[in-house]
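Notes to accompany the following structure.
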Amino acid sequence: MRKSVMRIGMMLLFGLLCSETVRAQACPAWRPVRMQLEITALKNQLERWDVAYYQQGSSLIEDEVYDSLREKLRLWQRCAGAAPEEGAGPLLPEGKVPHPVAHTGLRKLPDLAAVDQWLKGRSDLWVQPKVDGVAITLVYHDGKLTSAISRGNGLKGENWLEKVRTIPAVPVSIKGAPPTLILQGELFLMVNGHQQKVSGGINARAKVAGALMKNKPSPLLQQIGLFVWAWPNGPQEMAQRLRQLAEMGFPLALTFSQPVKSSAEVQQWREHWHKTALPFVTDGVVIHQAHSPQGLYWQARPGDWAVAWKYPPVQQVARVNGIDFNIGRTGKIAVVLRLEPVRMDDKWVTRVNLGSLPRWRKWAVVPGDQVTISLMGHGIPHLNNVVWRGTDRSLPSAPSAERYHALSCFSWRPDCRQQFLARLVWLSGPQGLSLRGVSESTWQTLIDQGLVRNLLDWLLLTPEQLMAAPGIGGKRGQSIHRQFQQARQQPFARWLLALGIPLSPQQTMALTNWHQVQQMSPVAWRKIVGIGAKRAQQIADFLQHQPVLALVSTLGSQGIVGFAGAP
């Protein structure tokens, strides 16, 4: 009785963990009508992909992206209050041949904590790579292969016997086999030295499915292997089961099965197989409890004697929650997608930089779309593709590229908020005056309080004004004021850079005062290394720009070195 109560308690806790994982995935903030439209549209698209994949042998989308979108559909159905069939697979052709033992499928565990919880109270546990291929039932009578059935809907599948007979990795006859032998396994693409962590799925599953579904025999059948992962009515002891399978001509399960006693050991093998060269593509590991019910009792839904812990995919599917248009110091507009948070490696990704306005318009991505994200060098998120477009194609309002440029927004206005703030951040940063303790948030506070309205208003601020600003306070206000006053002693060249003159620090080394700068002709500027005709014109435009001249006049009146007597 006590064991039963404990087992029920553990099952409830496991269910709670899974539900918390689902709840952690945010539901879209859509009205019910929009939610239903999105669900219907995605469901219809998945069904079209299913028909192409399972009935025509054509893969129109990457395996891991398809899997992620199917999980997304289940989430949306839960968000809408529906009850999707847990563990239900894609819309498979039912087929005409009944399986002698149902294909159960696998419950997916989200993380190490869920694995640890599932292991509690269980014994005789084994871990295997989760080979990524196409599931099949093989039936032998008196040692002869008599049936090969595709997974189908788990109860019935297609007759693949003629094609499977041509696969060298599948024995057509077995010595010493029991009178009736029923096996379930994975037909996979044989590859040399495949490192899952480096190469990802390479669409291996789709290639195998395509070869098996073509009307004519495909040369690819010669490159297909078999990994047997279930012998429904075989020996109860896993070690004995694996040995007998190997003796009958199915050696891979013995080679790639390891006994485990803890979640730490499972994790160790999972990481090992993830980065080790293997002869097949994998998408995680499977943990087996050696003792399982007789095949007569298996059903077309996940059993409780085996679970999967999948690898994080090389790319993740994320919903676009919003679009930000970030205007930089020079007026360039960068489009950033705000994403539903997705876990990649050891970080949460919530944003991805799309690039320029023309690039965004070319991608035509809007909030509600589903995109694939991967991590490039140094862990920088990268947009790979738009894999699903939502039903609402309304484009958000974007700023005008003509409005913002290198000479716009030297003072604050509502439409200059971003560029003006970026100019201040540049001014106080290492490229400019190196004002310690003066950050973007500092400038934002001063702007919000109406204390800074042009690029040099801060020169005139008193300690009392700074200390009274919310979030700054007494001690910090005094420190900021000291930085502001010390900036007055910076050399002329640093001030030029802080104002934004289009020169590098090396190109300003010989510049000592404003009069010298104003007297330089385009020809003189072009004599400086790295300055061509275009840059010389940009410098001339900057030096003649009225807002810049007004700032220079302020610096002159404040006695800043090099600006004395400036207009």
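So the sequence shown is residues -24 to -1, 1 to 543, counted in mature numbering (1 follows the signal peptide of the UniProt record, and there is no 0).
All residues carry an ideal CB built from backbone N, CA and C; glycine is no exception.
- prompt: Once you ignore the five residues that flank residue 478 on each side, which residues in its own chain have a CB closer than 8 Å to its CB?
  reply: Stepping through the sequence shown from its first residue, residue 478 is reached at position 502. Cβ within range, chain order: 382, 511, 514, 515, 518.
message: Measuring CB atoms only, is the segment 303 to 322 touching the segment 332 to 345, in the sense that at least three cross pairs come out at less than 8 Å?
response: Verdict: yes, contact present.
Same chain, Cβ closer than 8 Å to residue 245, neighbours up to 5 away in sequence not counted: Residue mapping note: residue 245 aligns to position 269 of the sequence shown, counting from 1. So the list reads 103, 234, 236, 261, once near-sequence residues are dropped.
- request: Please check the pair residue 77 and residue 281, which I expect to be a contact at CB under 8 Å, by giving their CB distance rounded to whole angstroms.
  value: In the sequence shown, the residue the question calls residue 77 occupies position 101. In the sequence shown, the residue the question calls residue 281 occupies position 305. Incorrect: roughly 14 Å between the Cβ atoms, too far for contact.
message: Please identify the residue among 413, 183, 509, 345 whose C-alpha is closest to the C-alpha of residue 463.
response: Numbered from 1 along the sequence shown, position 487 holds the residue referred to as residue 463. Nearest C-alpha to residue 463: 413.
Residue 120 beta carbon less than 8 Å from that of residue 99: Within the sequence shown, numbered from 1, the residue matching residue 99 stands at position 123. Within the sequence shown, numbered from 1, the residue matching residue 120 stands at position 144. Going by C-beta atoms, residue 99 is not nearer than 8 Å to residue 120.
field: Three-way DSSP call (helix, strand, coil) for residue 414 in this model
entry: Taking the sequence shown and counting its residues from 1, one reaches residue 414 at position 438. Coil at residue 414, not helix or strand.
field: In chain order, each alpha helix (DSSP H) run of at least 4 residues that lies wholly inside the segment 164 to 226
entry: 172 to 175, 180 to 189, 214 to 223
message: Nearest by alpha-carbon distance to residue 620: which of 496, 363, 95, 181 is it?
response: No information on residue 620 is available, as it lies outside the stretch -24 to 543 that the chain covers here.
- request: Report the three-state DSSP secondary structure of residue 300 (helix, strand or coil).
  value: What you label residue 300 is simply residue 324 of the sequence shown in a count that begins at 1. It is a strand residue.
field: Cβ-based neighbour list, residue 350, same chain, cut-off 7 Å, excluding 5 preceding and 5 following
entry: Along the sequence shown, read from residue 1 onward, the residue named residue 350 stands at position 374. The residues are 290, 291, 358, 360.
query: So what does DSSP say about residue 456, is it helix, strand or coil?
result: Residue mapping note: residue 456 aligns to position 480 of the sequence shown, counting from 1. Residue 456 falls in the helix class under three-state DSSP.
- request: Give the range of the beta strand (DSSP E) segment to which residue 123 is assigned.
  value: Locating residue 123 in the sequence shown gives position 147, counting from the first residue. 120 to 126 is the extent of the beta strand (DSSP E) around residue 123.
query: When we look at the beta-carbon of residue 506 and count the other beta-carbons within 10 Å, is it buried (16 or more) or exposed?
result: As a first step, residue 506 is located in the sequence shown; it is residue number 530 there, counting from the start. Classification for residue 506: exposed.
message: Closest to residue 455 by C-alpha separation, out of 415, 429, 433, would be which residue?
response: The count along the sequence shown starts at 1 and reaches residue 455 at position 479. Nearest C-alpha to residue 455: 415.
field: Whole-Å CB distance - residue 177 paired with residue 203, under 8 Å assumed
entry: By one-based count along the sequence shown, residue 177 stands at place 201. By one-based count along the sequence shown, residue 203 stands at place 227. Contact flag wrong, Cβ pair sits at about 16 Å.
query: With 16 other CB atoms within 10 Å as the buried threshold, where does residue 352 fall?
result: As a position in the sequence shown, residue 352 is number 376, starting the count at 1. Classification of residue 352: exposed, given that the 10 Å Cβ count is below 16.
query: Alpha carbon to alpha carbon, what distance is there between residue 355 and residue 458?
result: Counted from its first residue, the sequence shown places residue 458 at position 482. Counted from its first residue, the sequence shown places residue 355 at position 379. One C-alpha to the other measures close to 38 Å.
- prompt: Considering only C-alpha positions, which residue in the set 531, 34, 373, 238 is nearest to residue 343?
  reply: For this step, residue 343 is matched to residue 367 along the sequence shown. Closest option to residue 343, Cα to Cα, is 373.
message: Please report the distance separating the alpha-carbon of residue 483 from that of residue 500.
response: By one-based count along the sequence shown, residue 483 stands at place 507. By one-based count along the sequence shown, residue 500 stands at place 524. The straight-line gap from Cα to Cα measures roughly 12 Å.
query: In the segment 39 to 120, which residue ranges form an unbroken alpha helix (DSSP H) of at least 4 residues, counting only runs that do not cross its ends?
result: 39 to 55, 88 to 95
- prompt: Between which two residues does the beta strand (DSSP E) containing residue 248 stretch?
  reply: Counting from one through the sequence shown, the residue named residue 248 turns up at place 272. First-last for residue 248: 239 to 251, but that is the alpha helix (DSSP H), not the beta strand (DSSP E).
field: Given residue 136 as reference, the closest of 75, 92, 117 once Cα atoms are compared
entry: For the purposes of this step, residue 136 is taken as residue 160 along the sequence shown, with counting starting at 1. Looking at the Cα atoms, 75 is the closest of the given residues.
field: Cβ neighbour criterion (16 or more within 10 Å) applied to residue 224
entry: In the sequence shown, residue 224 corresponds to position 248, counting from 1. By the 10 Å Cβ count, residue 224 comes out buried.
query: My guess is that residue 318 and residue 325 are in contact by the Cβ rule of under 8 Å, so how many angstroms apart are they, rounded?
result: Here residue 318 is taken as the residue at index 342 of the sequence shown, counted from 1. Here residue 325 is taken as the residue at index 349 of the sequence shown, counted from 1. Residue 318 to residue 325, Cβ: 5 Å. Contact.
query: Would you call the segment 427 to 444 and the segment 527 to 535 in contact, with 3 or more CB pairs under 8 Å?
result: yes
message: What residue range does the alpha helix (DSSP H) around residue 491 cover?
response: To locate residue 491, count along the sequence shown from 1; it is residue 515. Looking at the DSSP string, the run of the alpha helix (DSSP H) that includes residue 491 is 490 to 495.
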